[in-house]
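Novice: Dropping the structure in here first, questions after.
Residue numbers (full-length UniProt numbering): 1 to 570.
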C-alpha cells in the first residue's frame, strides 16, 4: 500500500505513482472504469477525488494560519507525509508498515531531485512545471508519467538492495590495475578522440565514467569541467540503471549467457521513445556512434543478442546538473547524457556540454536578476494594486534603487546590552496613561512593545540551542539578534560554538541564573590573558527594506552605539 502524489493547489494531479495494492484499493473504492482507453483518466479522477480533501485542507491551512501539515496517520495505520514546494504539494503514503515518516520524506525529496535533473530551470516556475508534468495530450502524459514512475521504482529497488543507495554515497570498485587502464582508455582513447572530432566540435565531453552495476569502475573529467556533485552522480546512476537494469542477484554472465539474462530488463523498466526530432537527428550518427577505438562498436556482438532492443545509445537525454564556474554557481545547467551498454551489467556514461550552454548561463543570470527585482517590486507595492502601463524594467530598477537609498532603513526599535557589566541602552518603551514612549501612545506603540517582548523570548530559545545570530521576519517587521565577543581594545573575537543547553535548564538571563557570566568564563578559556567582553544587539526594522541594507545598518548601528564618545554608559 504505497503511493506518491504531486498535485497543484487546486487539487489537479500533476503526477502519481501507486503500487498494485494501492491501485486496487482505489479501484474497488471508486469503481474506476477498466474500459479500453478510459482507464488512465478514470484512475486520475479517482485518485484526485481521494486526495482532494487533504489538498484543499493544506491550502486552507496556509491561507488562514500560515502553517501546513507535515505528516499525519489514520486509524488504519496509514502514514501520510506532505511537503509543499512552491505551489506543488508532494504527498507520500504508506499503508503496509514498510516505510516510516523519514523514508517517505526521503522519497519525496528524491522525486523532486529527479524532476529537477530532468526539467531544469522549468522547476523554478510553478506554472511552467505544471505544464511540463501534465501535458494536454493524454498519451504524452502517460509516457511521461510512466517514465517518472519507472525512475521512482528503480530508486526504491536500489535503496532496498544496494548499500550505496542506503547510505547515499557512490561505491567505487577497488582494482588498481583495472581502474588505471580504464581511466587511461577514457582519457586517451575516448574523450580526446571525441573532443578532437570535427563533427562534434561544438559538443565537448566533460565527464565519462564506467559503471559495473551501480559501482563506479573509472571516472574521468576534462580540465574545463566542473566537479560533478555526488547528488547528481547518484541520480545519473539511477537513470542508467533505469535504462539498462542489471540483475545483481546473479553472477556476471559470460558472452555466451547474454541472451538468457538480459531479456527481463526492458520488460520491467520503461524508457520513453525518442521524440521525432531526436529520432531524425540520430540517423546522421550520434556521439556514441564514434566509439570505435578498435574499428567497431564496443560490445557490438553482445548487443545484437538482446531479446528486446535497448534504448538507442546515440540518442542523448537532456539532463540538468549543478555547475560551479569562475562566473558563479549554476544549479541547473543543461548537459547531454549518452548511455551505452558495453556488456550486461557494464555501462559507459558520457556527459557532454551542449552548444548553447552559454545561452543557458545568461538565461539563469537573467532569471535570478528578475527574481530579485520581482521581490523588490512586491515589497515596494505591498498593499496597493499594481498600476497598468508599467515603465521599462531598467527604469524601474534604477528608480527603485535610488528610492531605497534615499529612504534609508526604517529602524523602529533597538536594544543594546553590555553583558560584561550588565548594562543596556534602548529607546523608551514605558507606556502608560501618564507617560509617553518614544514611539508615542496608543495601539501602535503597544503592538510594537508586544513584538519586542516576543523577540526577546524567541532569541533566548535560539541562544539556548547555541545560535548567536538570529534573523526573523514577521509580517512587515524584520527582527535581528546578534551576540558577539570583543577584547578590551574593541577587536571582535571569533565567536566559535556556543554551548547547547538542555530543555530543562534554568532560564537564560542574569537574574534567575547568571548565564552570561558562565558564558564569559566558558569563552575566556580560549583567550587566556585577555579581557573578554560580551555584547548583544536586538533591532526591529520595517521589513519593506531589503535584507542586505538592514544587516548593513545593524553593523553601522553597533559601531556607533559602542563608540565611547557616543555611549558613555558602555
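All C-beta atoms, glycine included, are put in the ideal place defined by N, C-alpha and C. Model, not experiment: these values are computed from the prediction.
For the alpha helix (DSSP H) containing residue 103, name the first residue and the last one.
Specialist: Indexing the chain shown from 1 puts residue 103 at position 103. From DSSP, the alpha helix (DSSP H) with residue 103 extends over 101–119.
Novice: Could you check which residue in 539, 497, 542 and 6 has the C-alpha nearest to that of residue 520?
Specialist: Indexing the chain shown from 1 puts residue 520 at position 520. Checking every option, the nearest Cα to that of residue 520 belongs to 497.
Novice: Let me check you understand the geometry: is the CB of residue 531 closer than 7 Å to at least one non-hydrogen atom of the ligand FAD?
Specialist: This structure lacks the ligand FAD; in fact it carries no ligand of any kind.
Novice: Which of the three DSSP states is assigned to residue 508 in this structure?
Specialist: Against the chain shown, residue 508 aligns to sequence position 508. In the structure shown, residue 508 sits in coil (DSSP, three-state: anything other than H, G, I, E or B).
Novice: With distances taken Cα to Cα, identify the nearest neighbour of residue 532 among 494, 538 and 487.
Specialist: Within the chain shown, numbered from 1, the residue matching residue 532 stands at position 532. Cα-wise, what sits closest to residue 532 is 487.
Novice: Out of curiosity, what's the CA-to-CA distance linking residue 164 and residue 378?
Specialist: On the chain shown, position 164 is the one that residue 164 refers to. On the chain shown, position 378 is the one that residue 378 refers to. Straight-line Cα distance between these residues: approximately 45 Å.
Novice: If you reduce the DSSP assignment to three classes, tell me which class residue 164 lands in.
Specialist: Walking along the chain shown from the start, residue 164 turns up at place 164. Residue state, collapsed to three classes: helix.
Novice: Just to confirm the assignment, what range does the beta strand (DSSP E) spanning residue 341 have?
Specialist: The residue given as residue 341 occupies position 341 in the chain shown. Run containing residue 341: 328–343, per the beta strand (DSSP E) assignment.
Novice: How big is the Cα-Cα spacing for residue 334 and residue 224?
Specialist: Stepping through the chain shown from its first residue, residue 334 is reached at position 334. Stepping through the chain shown from its first residue, residue 224 is reached at position 224. For residue 334 and residue 224, the distance between alpha carbons rounds to 16 Å.
Novice: Would you call the region 167–175 and the region 214–231 touching, i.e. three or more CB-CB distances under 8 Å?
Specialist: Judged by Cβ distances under 8 Å, the region 167–175 makes contact with the region 214–231, as three or more pairs qualify.
Novice: Please state the DSSP three-state secondary structure of residue 187.
Specialist: As a first step, residue 187 must be located in the chain shown, where it is residue number 187. Residue 187 falls in the helix class under three-state DSSP.
Novice: Leaving out five residues before and five after residue 241 in sequence, what residues of the same chain have Cβ atoms less than 7 Å from its Cβ?
Specialist: On the chain shown, residue 241 is found 241 positions in, with the first residue counted as 1. Counting only Cβ-Cβ distances below 7 Å, and skipping sequence neighbours, we find 154, 158 and 214.
Novice: Would you mind reading off the limits of the beta strand (DSSP E) that contains residue 352?
Specialist: Counting from one through the chain shown, the residue named residue 352 turns up at place 352. Residue 352 -> beta strand (DSSP E) spans 346–353.
Novice: Spatial neighbours of residue 96 within its chain, please: CB distance less than 6 Å, with the 5 preceding and 5 following residues excluded, ordered by chain position.
Specialist: Position 96 of the chain shown, counted from the start, is the residue given in the question as residue 96. Taken in chain order, the residues that qualify are 1.
Novice: With a 10 Å radius around its C-beta and 16 neighbouring C-beta atoms as the bar for buried, classify residue 167 as buried or exposed.
Specialist: Looking up residue 167 in the chain shown gives position 167. Answer is exposed; the Cβ neighbour count stays below 16.
Novice: What's the C-alpha gap between residue 462 and residue 445?
Specialist: Position 462 of the chain shown, counted from the first residue, corresponds to residue 462. Position 445 of the chain shown, counted from the first residue, corresponds to residue 445. Roughly 26 Å between the two C-alpha positions.
Novice: When you compare only the Cα positions, how much space is there between residue 450 and residue 475?
Specialist: Counting from 1 along the chain shown, the entry for residue 450 is found at position 450. Counting from 1 along the chain shown, the entry for residue 475 is found at position 475. Approximately 14 Å, taken between the alpha carbons.
Novice: Between the alpha carbons of residue 326 and residue 361, how many angstroms are there, rounded?
Specialist: The count along the chain shown starts at 1 and reaches residue 326 at position 326. The count along the chain shown starts at 1 and reaches residue 361 at position 361. Whole-angstrom Cα-Cα distance: 12 Å.
Novice: Helix, strand or coil for residue 558 per DSSP?
Specialist: Against the chain shown, residue 558 aligns to sequence position 558. Helix.
Novice: Identify the continuous beta strand (DSSP E) that holds residue 6 and give its terminal residues.
Specialist: On the chain shown, position 6 is the one that residue 6 refers to. Unbroken beta strand (DSSP E) run through residue 6: 2–8.
Novice: Nearest to residue 315 by alpha carbon, out of 135, 340 and 500?
Specialist: Residue 315 sits at position 315 when you count from the first residue of the chain shown. It is 340 whose Cα lies nearest to the Cα of residue 315.
Novice: Would you decide whether residue 502 is buried or exposed? Buried here means 16 or more other CB atoms lie within 10 Å of its CB.
Specialist: Residue mapping note: residue 502 aligns to position 502 of the chain shown, counting from 1. By the neighbour-count rule (16 or more Cβ atoms within 10 Å), residue 502 is not buried but exposed.
Novice: By Cβ distance, which residues of its chain are closer than 8 Å to residue 57, with the 5 residues on each side in sequence left out?
Specialist: Taking the first residue of the chain shown as position 1, residue 57 is located at position 57. Contacts found: 69.
Novice: If you run the structure through DSSP and keep just helix, strand and coil, what is residue 356?
Specialist: Position 356 of the chain shown, counted from the first residue, corresponds to residue 356. Coil, per DSSP.
Novice: Pick out whichever of 490, 448 and 185 has its Cα sitting closest to the Cα of residue 208.
Specialist: Here residue 208 refers to the residue found at position 208 when the chain shown is read from its first residue. Of the candidates 490, 448 and 185, the one whose C-alpha sits nearest the C-alpha of residue 208 is 185.
Novice: Buried or exposed: residue 352, going by 16 or more other Cβ atoms within 10 Å of its Cβ?
Specialist: Along the chain shown, one-based indexing puts residue 352 at 352. Burial call: buried.
Novice: Which residues in the same chain as residue 598 place their Cβ atom closer than 6 Å to its Cβ, once the five residues preceding and following it in sequence are excluded?
Specialist: Outside the displayed span of the chain (1 to 570) sits residue 598, for which this structure offers no information.
Novice: Count the other CB atoms within 10 Å of the CB of residue 244; is the residue buried (16 or more) or exposed (fewer)?
Specialist: As a position in the chain shown, residue 244 is number 244, starting the count at 1. Burial call: buried.
Novice: Could you pull out every unbroken beta strand (DSSP E) segment of at least 3 residues lying fully inside the region 198–249, listed in chain order?
Specialist: Listed in chain order, they are 204–212 and 215–221.
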